[in-house]
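Asker:
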Amino acid sequence: MLMLRTTITCQVKYKSTSRVCSLGTLRSKNITDFLRHIECYFCIEAVYVYVLSSTSIESIFIEGKIMSYENDIIVFFDLALLLIAFGIENQAKVAPFPNDFHTAAAKRIMLLSKSAEMQNYMKPEVDACNDFYTYACGNWAKINPANNGAKTGLFITLTNAYDRRIAHLLNETENARENEFHPKVKHFYESCLQIDQRKLNYREKLLNIMEEFGGMPAVKGKNWSEDKFDWLTTIARILKKYGTSIIIGVQIIADLTNNEINRLYIGQIDSLAAAKSSAYSEQLKLAWELDITAVLDLRREQAAKIANEMVDFAQKLALGVADPIEGFDIEDKTRLRLLDDMTENYGPAVNVTHFVKTWLGYEYNLPVYEYVENYFRNLRILITETPPHVIANYIMWEMIQDFRLDLQSEKEKQRLKCVDAVKQYFVNYLDHVIYGQILKYDRTITQEINALWRQLKLAFEDMWKSSDNKWMKESTRDKALEKLSAMSFEVNSYEDIDFVKEYASLSISPTDYFENVINIMKRRGENYRLMLFEPPRLEEYELRSSTPVYSSEYNKVLLPVAFLQPRFLWDKIYPAALKYATLGSIIAHEMAHGFDDTMGKYDAKGNLNNWWDRNASQVFALRKECLRQQYGRHEYAGKLLTKTQYQGENIADNVGIRIAYTAYENWLLKNPKAFEYLPHMSHVNPYQLFFISAAQVWCTDLNSIWQNIVVSTDVHPPEEIRVRASFANFEAFARAFKCELGSAMHPHRKCVIY
Numbered sequence: 000m001l002m003l004r005t006t007i008t009c010q011v012k013y014k015s016t017s018r019v020c021s022l023g024t025l026r027s028k029n030i031t032d033f034l035r036h037i038e039c040y041f042c043i044e045a046v047y048v049y050v051l052s053s054t055s056i057e058s059i060f061i062e063g064k065i066m067s068y069e070n071d072i073i074v075f076f077d078l079a080l081l082l083i084a085f086g087i088e089n090q091a092k093v094a095p096f097p098n099d100f101h102t103a104a105a106k107r108i109m110l111l112s113k114s115a116e117m118q119n120y121m122k123p124e125v126d127a128c129n130d131f132y133t134y135a136c137g138n139w140a141k142i143n144p145a146n147n148g149a150k151t152g153l154f155i156t157l158t159n160a161y162d163r164r165i166a167h168l169l170n171e172t173e174n175a176r177e178n179e180f181h182p183k184v185k186h187f188y189e190s191c192l193q194i195d196q197r198k199l200n201y202r203e204k205l206l207n208i209m210e211e212f213g214g215m216p217a218v219k220g221k222n223w224s225e226d227k228f229d230w231l232t233t234i235a236r237i238l239k240k241y242g243t244s245i246i247i248g249v250q251i252i253a254d255l256t257n258n259e260i261n262r263l264y265i266g267q268i269d270s271l272a273a274a275k276s277s278a279y280s281e282q283l284k285l286a287w288e289l290d291i292t293a294v295l296d297l298r299r300e301q302a303a304k305i306a307n308e309m310v311d312f313a314q315k316l317a318l319g320v321a322d323p324i325e326g327f328d329i330e331d332k333t334r335l336r337l338l339d340d341m342t343e344n345y346g347p348a349v350n351v352t353h354f355v356k357t358w359l360g361y362e363y364n365l366p367v368y369e370y371v372e373n374y375f376r377n378l379r380i381l382i383t384e385t386p387p388h389v390i391a392n393y394i395m396w397e398m399i400q401d402f403r404l405d406l407q408s409e410k411e412k413q414r415l416k417c418v419d420a421v422k423q424y425f426v427n428y429l430d431h432v433i434y435g436q437i438l439k440y441d442r443t444i445t446q447e448i449n450a451l452w453r454q455l456k457l458a459f460e461d462m463w464k465s466s467d468n469k470w471m472k473e474s475t476r477d478k479a480l481e482k483l484s485a486m487s488f489e490v491n492s493y494e495d496i497d498f499v500k501e502y503a504s505l506s507i508s509p510t511d512y513f514e515n516v517i518n519i520m521k522r523r524g525e526n527y528r529l530m531l532f533e534p535p536r537l538e539e540y541e542l543r544s545s546t547p548v549y550s551s552e553y554n555k556v557l558l559p560v561a562f563l564q565p566r567f568l569w570d571k572i573y574p575a576a577l578k579y580a581t582l583g584s585i586i587a588h589e590m591a592h593g594f595d596d597t598m599g600k601y602d603a604k605g606n607l608n609n610w611w612d613r614n615a616s617q618v619f620a621l622r623k624e625c626l627r628q629q630y631g632r633h634e635y636a637g638k639l640l641t642k643t644q645y646q647g648e649n650i651a652d653n654v655g656i657r658i659a660y661t662a663y664e665n666w667l668l669k670n671p672k673a674f675e676y677l678p679h680m681s682h683v684n685p686y687q688l689f690f691i692s693a694a695q696v697w698c699t700d701l702n703s704i705w706q707n708i709v710v711s712t713d714v715h716p717p718e719e720i721r722v723r724a725s726f727a728n729f730e731a732f733a734r735a736f737k738c739e740l741g742s743a744m745h746p747h748r749k750c751v752i753y
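This is the structure:
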């Protein structure tokens with residue numbers, strides 16, 4: 000357990016409330032827990048005053064010293080310097096974040112802070128050439144243990160910080176912001192917070208929603224009629240009203256070979272792949288058992304039986320899923336067919352023609368993409384072998400998940416749940432507003448990000464043109480360069496959306512959360528059907544992703560607004576190595592996906608059009624096999640990793656770090672006099688600083704319960720393997736740390752893609 004000692008006396012005046020906190024010795028699970036005790040935010044590893052953007056602190060009085068220690072890492076900092084840095088004298092007013100960070104002294108503190116943070120995560124006594132992940136991240140788990148959740152890591156830290164910004168936005172007392180739509184979002188949030196109102200007839204409301212579609216056998220008992228139940232009609236009606244896919248997935252996205260038109264994709268639900276994991280399914284059974292008991296007010300033993308039946312059904316359904324981890328190409332998973340042909344193959348158990356007609360309200364005669372033939376074959380058998388009441392229970396339970404929100408006894412926990420609810424339904428608006436806030440703080444940030452993008456593209460272009468890629472015909476390499484040149488970049492800021500117009504028909508009450516969700520879901524159902532006649536647009540998962548993503552059908556890299564938050568990844572005052580190693584390598588990873596083993600078959604325009612010549616395809620397959628065998632020799636949680644056919648993430652990691660490093664090298668050549676060092680880390684040269692920073696992007700602690708689940712369900716390898724494997728394949732890393740040939744991080748045989 001982390002021991003934090005402090006002699007801080009901190010008085011904070013927050014709006015009309017004044018609070019004094021004096022702390023002696025405090026034992027804390029992690030730094031965040033420690034920081035919750037004081038309104039002014041001290042980053043212990045960072046050792047500086049960091050006024051959160053989610054607060055509006057008016058004045059701070061600080062005296063004393065702060066010390067943190069962990070494994071002989073001891074940092075003292077005289078807080079009197081902080082008073083000087085921030086211009087605080089006696090009771091001088093402190094400007095709200097972020098205006099406090101522009102003085103020379105404050106910048107010096109921030110550099111000291113970053114240095115202390117990086118060093119605190121490291122275990123310098125570990126040989127970097129033997130185990131670089133432990134060298135760079137060895138103390139992360141002790142400082143940020145995954146005690147209260149499944150995982151801790153940088154991306155989760157970014158998300159949590161972003162959630163604080165959202166909470167501040169939603170809790171503001173002003174009646175108006177940028178447009179007339181903001182009150183609707185605020186009203187939705189307020190309705191979520193009204194626990195007493197939401198508890199009122201909560202169970203009855205859920206039952207009423209289910210009753211419209213025949214009800215749930217587990218609740219109705221003998222009053223449920225099996226004779227009247229038609230599973231296919233039921234899921235089609237639910238899809239029509241609420242836009243929710245159950246058992247049969249429905250997507251309306253760009254045609255694979257012509258992204259100027261939308262096409263209907265019908266078949267597997269990708270998220271079901273997780274049910275293949277026995278560890279995941281056992282956790283799901285327990286969770287559903289508890290939820291069914293609480294939500295539907297059933298006896299525990301009855302709930303356990305229902306949960307077991309439903310999860311068993313989901314597991315059997317998942318047997319037909321083409322799991323991404325198994326390496327199926329998109330050509331293997333889709334084929335263009337007429338609905339009647341599909342019905343002839345899978346009916347009468349799975350009458351796809353009837354399903355689509357019930358959903359749309361008319362006969363649909365255009366070709367559709369059958370998404371995974373084996374899924375339908377498995378479904379046809381499963382439906383005939385499963386008791387109807389089990390299928391009905393599963394359908395009803397899946398449907399009401401969108402209408403549920405755990406009611407928390409503590410106000411703060413309820414606020415967090417409600418922030419999540421607002422994000423679920425209005426994330427585009429929240430991203431848009433917070434993007435505007437970030438630009439107000441620093442209007443040059445978009446120029447900085449776009450410049451980084453251009454530098455990464457130039458670096459990747461240099462790599463393609465190098466002699467290392469002579470194995471590819473010049474004509475094929477020209478196609479690769481054409482695709483790279485056409486590749487674009489975008490921050491998910493939604494600047495082109497008129498939110499007032501977009502949500503004009505949506506009615507939101509400040510008091511009735513349940514009715515609000517119903518209205519939102521109805522709107523989703525209506526809009527989804529209309530997409531068939533609209534031009535293609537980015538998929539919802541791409542727009543709502545909390546991490547950067549590459550869109551193959553648009554040949555575009557998308558960056559979430561959360562990654563623009565200052566000082567988490569980089570800052571102008573930090574050495575450039577940090578920018579290229581963190582944000583640079585993250586973006587470069589997504590760029591590399593455009594040339595991996597699945598999305599590499601899309602052309603410059605984003606259409607599926609395999610531009611690889613036969614010889615290049617064969618050489619690429621050999622290089623990919625090298626990665627497959629190599630990663631399969633790595634151990635995690637006492638087990639060897641599975642040698643999966645899909646290597647897209649490993650390819651992106653290996654190529655991405657090379658792109659980012661090449662871009663940084665190019666920058667150093669143009670800026671030979673740049674001071675690329677952090678305070679108290681003068682022994683770390685710029686190239687080493689790059690790799691340490693790049694590795695710390697992946698510092699992680701994972702709850703032991705979830706380790707086996709993640710390995711069996713996630714297409715990404717565990718973070719520690721991502722660092723060890725990709726860095727060991729990179730000659731530049733071995734040069735930077737002077738690793739002997741034959742060491743773990745400088746093996747004789749390296750796997751290189753590009």
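Quick note: the sequence shown, position 754, residue 753 per numbering that gives the first Met the number 0, numbers continuous.
Think of the CB as a built atom: it goes at the ideal place given N, C-alpha and C, for glycine as much as any other residue.
Predicted model, so just to flag it, every value in this text is computed and none were measured.
With DSSP collapsed to three states, give me the class of Ile-246.
Answerer: In this structure, Ile-246 counts as coil in the three-state DSSP scheme.
Asker: Would you please state the rounded distance, in angstroms, between the beta carbons of Asn-554 and Lys-456? I believe it to be under 8 angstroms.
Answerer: Not quite, the Cβ-Cβ distance comes to about 12 angstroms (not below 8 angstroms), so this is no contact.
Asker: Please list the segments of the alpha helix (DSSP H) lying wholly inside the region 429 to 516, counting only runs of 4 or more residues, in order along the chain.
Answerer: Segments of the alpha helix (DSSP H) lying fully in the region 429 to 516: 444 to 464, 473 to 485, 498 to 501.
Asker: In whole angstroms, what is the alpha-carbon distance linking Asp-441 and Asn-449?
Answerer: For Asp-441 and Asn-449, the distance between alpha carbons rounds to 14 angstroms.
Asker: Among residues of its own chain, excluding the 5 on either side of Asp-595, which ones have a beta-carbon nearer than 7 angstroms to its beta-carbon?
Answerer: Hits under 7 angstroms: Gly-647, Ile-650, Ala-651.
Asker: The alpha helix (DSSP H) spanning Glu-648 covers which residue range?
Answerer: Counting along the chain, the alpha helix (DSSP H) containing Glu-648 begins and ends at 647 to 669.
Asker: By Cβ distance below 6 angstroms, which residues in the same chain neighbour Tyr-264 in space, the five residues on each side in sequence not counted?
Answerer: Taken in chain order, the residues that qualify are Gln-250, Tyr-368, Tyr-370.
Asker: Along the beta strand (DSSP E) that carries Arg-406, what are the first and last residues, could you check?
Answerer: This sequence places Leu at residue 406; Arg is not what is there. Looking at the DSSP string, Leu-406 is not in any beta strand (DSSP E), and its letter there is neither H nor E.
Asker: What do you reckon, are the CB atoms on Ile-572 and Met-117 nearer than 8 angstroms?
Answerer: Not a contact, by the Cβ cut-off of 8 angstroms.
Asker: Thinking Gly-583 and Ala-659 are a contact (beta carbons under 8 angstroms), I'd like their distance in whole angstroms, please.
Answerer: That pair is a contact at about 4 angstroms.
Asker: By the DSSP assignment, the beta strand (DSSP E) with Asn-261 in it spans what residues?
Answerer: Looking at the DSSP string, the run of the beta strand (DSSP E) that includes Asn-261 is 261 to 266.
Asker: What does the alpha-carbon distance come out to for the pair Arg-476 and Asp-612?
Answerer: Taking the straight line from one Cα to the other gives about 10 angstroms.
Asker: By Cβ distance, which residues of its chain are closer than 7 angstroms to His-588, with the 5 residues on each side in sequence left out?
Answerer: Closer than 7 angstroms at the Cβ level, and outside the excluded window around His-588, lie Ala-651, Asp-652, Gly-655.
Asker: List the DSSP bridge partners of Ile-251.
Answerer: In DSSP, Ile-251 forms a bridge with Leu-263.
Asker: Let me check understanding here. Comparing Cα to Cα, which of Thr-243, Lys-464, Gln-301, Trp-452 lies closest to Gln-400?
Answerer: Of the candidates Thr-243, Lys-464, Gln-301, Trp-452, the one whose C-alpha sits nearest the C-alpha of Gln-400 is Thr-243.
Asker: Please name the residue, chosen from Asp-467, Leu-667, Thr-102, Lys-221, that lies closest to Cys-750 on a Cα-to-Cα basis.
Answerer: When each option's Cα is compared against that of Cys-750, the closest is Asp-467.
Asker: So what does DSSP say about Ile-708, is it helix, strand or coil?
Answerer: Of the three classes helix, strand and coil, the one that applies to Ile-708 here is helix, per DSSP.
Asker: List the endpoints of the continuous beta strand (DSSP E) containing Gly-152.
Answerer: Start and end: 150 to 152.
Asker: Is the region 710 to 727 touching the region 602 to 611 in the sense that three or more CB pairs, one from each, lie closer than 8 angstroms?
Answerer: No: fewer than three Cβ pairs fall under 8 angstroms.
Asker: Which residues mark the beginning and the end of the beta strand (DSSP E) in which Lys-555 is found?
Answerer: It spans 555 to 558 - the beta strand (DSSP E) in which Lys-555 sits, taken as one unbroken run.
Asker: Helix or strand or just coil, what does DSSP make of Asp-700?
Answerer: In the structure shown, Asp-700 sits in a strand (DSSP, three-state: E or B).
Asker: Along the chain, where does the beta strand (DSSP E) containing Thr-333 start, and where does it finish?
Answerer: Counting along the chain, the beta strand (DSSP E) containing Thr-333 begins and ends at 333 to 336.
Asker: Is it a yes or a no for the region 386 to 402 touching the region 216 to 230, going by three-plus beta-carbon pairs under 8 angstroms?
Answerer: At 8 angstroms Cβ cutoff, the stretches touch.
Asker: Which residue's Cα is closest to the Cα of Leu-206: Met-520, Phe-402, Asn-373, Leu-558?
Answerer: Considering only alpha carbons, the answer is Phe-402.
Asker: Beta carbon of Leu-688, beta carbon of Ala-576: below 8 angstroms?
Answerer: Their beta carbons are under 8 angstroms apart, which means Leu-688 touches Ala-576 by this criterion.
Asker: May I have the straight-line CA-CA distance separating Ala-317 from Glu-325, to the nearest angstrom?
Answerer: Looking at the two C-alpha atoms, the distance is approximately 13 angstroms.
Asker: Closest by CA to Gln-628, which one among Lys-600, Gln-644, Trp-396, Ile-517?
Answerer: Out of Lys-600, Gln-644, Trp-396, Ile-517, Gln-644 has the C-alpha closest to the C-alpha of Gln-628.
Asker: Is Thr-333 buried or exposed, if buried means 16 or more other CB atoms sit within 10 Å of its CB?
Answerer: With 16 or more Cβ atoms within 10 Å of its Cβ, Thr-333 is classed as buried.
Asker: Leaving out five residues before and five after Tyr-635 in sequence, what residues of the same chain have Cβ atoms less than 8 angstroms from its Cβ?
Answerer: Counting only Cβ-Cβ distances below 8 angstroms, and skipping sequence neighbours, we find Gln-706, Val-710, Pro-716, Pro-717, Glu-719, Ile-720.
Asker: For Phe-736, count neighbouring Cβ atoms within 10 angstroms of its own Cβ and tell me buried if that reaches 16, exposed if not.
Answerer: Answer is buried; the Cβ neighbour count reaches 16.
Asker: Does the region 164 to 172 come close enough to the region 411 to 426 that 3 or more CB-CB pairs lie under 8 angstroms?
Answerer: Contact holds: three or more Cβ-Cβ distances are below 8 angstroms.
Asker: Which value, in whole angstroms, describes the spacing of the CA atoms of Leu-335 and Thr-342?
Answerer: Going from the Cα of Leu-335 to the Cα of Thr-342 covers about 14 angstroms.
Asker: Quick check on the burial criterion: 16 or more other C-beta atoms within 10 angstroms. Buried or exposed for Gln-617?
Answerer: Flag for Gln-617 reads exposed.
Asker: Is the Cβ-Cβ distance between Ile-234 and Ile-247 less than 8 angstroms?
Answerer: In contact: Ile-234 and Ile-247 (Cβ atoms closer than 8 angstroms).
Asker: Please identify the residue among Pro-678, His-353, Val-125, Arg-748 whose C-alpha is closest to the C-alpha of Gly-137.
Answerer: Here the closest residue by C-alpha is Val-125.
Asker: On a Cα-Cα basis, can you pick out the residue from Lys-240, Thr-383, Thr-256, Thr-232 that is closest to Glu-525?
Answerer: Comparing Cα positions, the closest option is Lys-240.
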